[in-house]
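In what follows, a structure is listed as structure tokens, so that the remarks can point back to it.
Number of protein chains: 2
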Amino acid sequence: MAISEAEAVVMDVLWGRAPRTAEEILAEVGPSQNWQEGTVKSLLNRLLKKNAVHAERDGRRYLYTPLLLREQYVQQESKGLLDRLFGGRVAPLVAHFSEQRKLSEKDIAELRKLLAELDNEQH
Amino acid sequence: MAISEAEAVVMDVLWGRAPRTAEEILAEVGPSQNWQEGTVKSLLNRLLKKNAVHAERDGRRYLYTPLLLREQYVQQESKGLLDRLFGGRVAPLVAHFSEQRKLSEKDIAELRKLLAELDNEQH
DNA sequence: CGCAACCATTTACGCGTGTAAACATAAGTT
DNA sequence: AACTTATGTTTACACGCGTAAATGGTTGCG
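Chains as they are written, first to last, in this note's numbering: chain S, 1 to 123; chain G, 1 to 123.
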């Protein structure tokens, strides 16, 4: 089962640093998200059921560690979008942003560099 | 309210050609999706409520036309992903696909061309 | 030992979604 | 006029999600 958006927020905290306690997660995420403790606990439990995190007892509390890797998650999400909207091809996606003028100077510079590197690997 | 994935499938048909009757939509989408008539009707009604499509009576049936443009939808979806996963920047997204070896030769060629064009516009 | 504090687990509830059955209505046919 | 057919509208239902209250267990303190 896919992990939901709220769950991904919790994962983000764990991807930043792990292991973490529920309390720490709440501290980091509570302000921006306005979540109560119970909310975070529920999300953690759902993530446990989905095998996206692991919990290890540490005295009276648990330490949570991500099992699902950020790379995997990003991969799934981006591939989904790419397939649904751009026929699975990257260039049309970039073209889309280009038309939308959403390419910054920095983006362009980095893309150039990226292509140059691909060129080098080539032979 | 955002339009859901199943709803987007219906929109896709309408983006391909419009106006269309419910029957035509079902004919195009039923085989791949295994949907019954009622399902398509429900989705159309929800899209109506969301003002994503317009329905015009034509005798005993309706002709459905998209109001939400494909460009708008693609824009929302891609921006959402970009912001959530890549800090709103395009280059990291492409880098991600590059690392994943998801750039085809064709992609690379097109990206090169795109950058060249951007270069021309520049001055 | 009994109670308070601290965490976690369970339960809850309204909402959107995917899917469809049931119902309504109008028009064509006999 | 009654019956059938074609279409759309309403209602339904299970499930995941966002959010949190209620409940339960364990540990430290008086």
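We put the beta carbon where it would ideally sit given N, CA and C, even for glycine.
Span separating the alpha-carbon of residue i from that of residue j
| i | j | result |
| --- | --- | --- |
| Gly80/G | Arg60/S | 39 angstroms |
| Gly88/G | Glu121/G | 24 angstroms |
| Gln139/S | Leu82/S | Here chain S has residues from 1 to 123 only, and residue 139/S is not among them. |
| Val94/S | Arg57/S | 45 angstroms |
| Leu14/G | Ala55/S | 47 angstroms |
| Val29/S | Val10/S | 8 angstroms |
| Gln33/G | Asp119/G | 43 angstroms |
| Trp134/G | Phe86/S | Shown here, chain G extends from 1 to 123; a query on residue 134/G therefore has no answer. |
Neighbour flag for residue i against chain G, beta carbons, 8 angstroms
| i | result |
| --- | --- |
| Val10/S | no |
| Arg20/S | no |
| Gln75/S | yes |
| Arg17/S | no |
| Leu118/S | yes |
| Ile25/S | no |
| Val94/S | yes |
| Asp58/S | no |
| Leu68/S | no |
| Leu124/S | The structure shown has nothing for residue 124/S, since chain S only spans 1 to 123. |
Cβ distance (whole Å) where residue i is taken to contact residue j below 8 angstroms
| i | j | result |
| --- | --- | --- |
| Tyr62/S | Ala91/S | 45 angstroms between Cβ atoms; not a contact. |
| Arg46/G | Glu77/G | About 18 angstroms separates the two Cβ atoms, so there is no contact after all. |
| Leu115/G | Ile3/S | Contact flag wrong, Cβ pair sits at about 35 angstroms. |
| Tyr64/G | Ala27/G | Not really, about 14 angstroms apart at Cβ, beyond 8 angstroms. |
| Val53/S | Leu69/S | Not really, about 11 angstroms apart at Cβ, beyond 8 angstroms. |
For residue i, the first and last residue of its enclosing alpha helix (DSSP H)
| i | result |
| --- | --- |
| Thr39/G | 37-49 |
| Arg70/S | 70-86 |
| Leu93/S | 90-99 |
Minimum Cβ-Cβ distance from residue i to chain S less than 8 angstroms
| i | result |
| --- | --- |
| Ile3/G | no |
| Gln33/G | no |
| Val53/G | no |
| Asp83/G | no |
| Gln100/G | yes |
| Arg89/G | yes |
| Leu43/G | no |
| Leu47/G | no |
| Glu105/G | no |
| Gly61/G | At residue 61/G the sequence reads Arg, which differs from the Gly that was named. Not one chain S Cβ lies under 8 angstroms of Arg61/G. |
| Leu111/G | yes |
Opposing strand residues paired with residue i [DSSP bridges]
| i | result |
| --- | --- |
| Arg57/G | Tyr62/G |
| Arg20/S | Tyr64/S |
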